[in-house]
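J.:
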Amino acid sequence: NGLYGLFYQKNIRKEKDIIIDNKLYENPAPISIIAGKLFNPIYATQITAETRINLFKTCEPYFKDTIAFATDSILFENDVEIETSDKLGDWDIHKKKGVTSRNLPTTVLKGGIYQIGKELKNRGIRKAKFINTPNGKFDNVFDYIKKCPNQTDYPIITERPLTFIEVLLHHLKHDVKDINVFTKMSYNIDLNKDYKRIWNDRFESGKELFEKSIDSTPLIMFE
65 NGLYGLFYQK NIRKEKDIII DNKLYENPAP ISIIAGKLFN PIYATQITAE
115 TRINLFKTCE PYFKDTIAFA TDSILFENDV EIETSDKLGD WDIHKKKGVT
165 SRNLPTTVLK GGIYQIGKEL KNRGIRKAKF INTPNGKFDN VFDYIKKCPN
215 QTDYPIITER PLTFIEVLLH HLKHDVKDIN VFTKMSYNID LNKDYKRIWN
265 DRFESGKELF EKSIDSTPLI MFE
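Everything in the sequence shown is counted per my numbering, starting at 65 for the first residue and increasing by one.
(1) Would you list the one or two residues that DSSP bridges to ILE195?
(2) What is the residue span of the alpha helix (DSSP H) that GLN179 lies within?
(3) Taking the straight line between their C-alpha atoms, what separation do you get for PHE103 and LYS151?
(4) Measuring straight from C-alpha to C-alpha, what distance separates THR115 and MET285?
(5) So THR216 and LEU173 are supposed to be a Cβ contact under 8 Å. How far apart are they, rounded?
(6) What does the alpha-carbon distance come out to for the pair MET249 and PRO125?
(7) If you measure between the beta carbons of ILE229 and TYR251, is that distance less than 7 Å?
(8) With contact counted as at least three CB pairs below 8 Å, one residue from each stretch, are the segment 266–275 and the segment 201–216 in contact?
(9) Once DSSP output is grouped into helix, strand and coil, what is the label at THR135?
(10) Going by C-alpha to C-alpha distance, which of LEU168, GLY175 and ARG187 sits closest to GLY181?
(11) Between ILE243 and the rest of its own chain, which residues show a CB-CB distance below 7 Å, the 5 nearest in sequence each way excluded?
(12) Just to confirm the assignment: which complete beta strand (DSSP E) runs, minimum length 3, are found wholly within the segment 210–270?
(13) In whole angstroms, give me the CA-to-CA distance for LEU139 and ILE131.
(14) Could you please give me the residues that DSSP links to VAL172 through a beta bridge?
(15) CA-CA distance, THR135 and LYS257?
(16) Could you please give the first and the last residue of the uninterrupted beta strand (DSSP E) stretch that includes PRO282?
(17) Return no unless some Cβ of chain D is closer than 7 Å to the Cβ of ARG224.
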């Protein structure tokens with residue numbers, strides 16, 4: 065399990081019995097299907113590719129209003145005219161607990177870290193009741209930034225087991241005995257450290273994160 069950074073993982077395996085119709089086969093027998101056996105990487109790749117094409121076609125007319133998009137969703141700054149429905153594959157406005165996300169206060173920090181109303185998404189930050197920092201404990205990274213508004217670097221302290229990959233990458237500092245050993249470590253959230261895009265401006269302080277929006281363009285590499 066060191067390969068995955070987990071001590072214990074229990075996969076819920078649901079079985080479903082299918083009885084073949086006697087009219088079609090002479091010797092029918094029940095077939096047990098276990099979750100996972102039906103996964104087809106070819107179909108998964110095709111579905112993902114076409115979904116991303118649909119994402120691009122949908123947001124292209126609203127280029128200036130597009131803030132970000134994930135695997136199956138788009139975040140717009142203003143209202144846009146996109147047909148919505150409850151049908152599978154059609155667009156719908158995101159709701160949580162019956163509340164639509166339209167016109168809710170939204171803050172986006174890099175890819176995968178955002179807050180829409182009270183809903184939080186912290187990609188790269190391990191789930192916990194709070195985050196531990198040199199400035200105290202906070203419920204989330206945005207509360208941390210609001211409490212320390214005059215800086216652009218926000219270190220976070222965490223204690224977790226080292227994975228096999230981490231030990232390999234940092235072999236000068238760790239060895240095999242460190243795999244799955246709880247270790248205190250610190251990583252930094254830099255408001256201006258995003259090398260995947262070209263940004264038109266910089267944040268001079270954490271306070272500005274809640275006061276202004278900075279446009280960017282994709283980083284394109286040519287051979």
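Just so you know, even glycine gets a beta-carbon here, dropped at the ideal spot from N, CA and C. In this text, all values refer to a predicted model and were calculated from it rather than measured experimentally.
T.: In terms of the structure at hand:
(1) PHE202
(2) Careful: GLN179 lies outside any alpha helix (DSSP H), inside the beta strand (DSSP E) at 177–180.
(3) 23 Å
(4) 24 Å
(5) 11 Å between Cβ atoms; not a contact.
(6) 44 Å
(7) no
(8) yes
(9) coil
(10) LEU168
(11) GLY66, LEU226, PHE228 and VAL231
(12) 217–225, 246–254 and 261–263
(13) 6 Å
(14) TYR178
(15) 23 Å
(16) 280–282
(17) Going by chain labels, chain D is absent from the structure shown, which holds only one protein chain.
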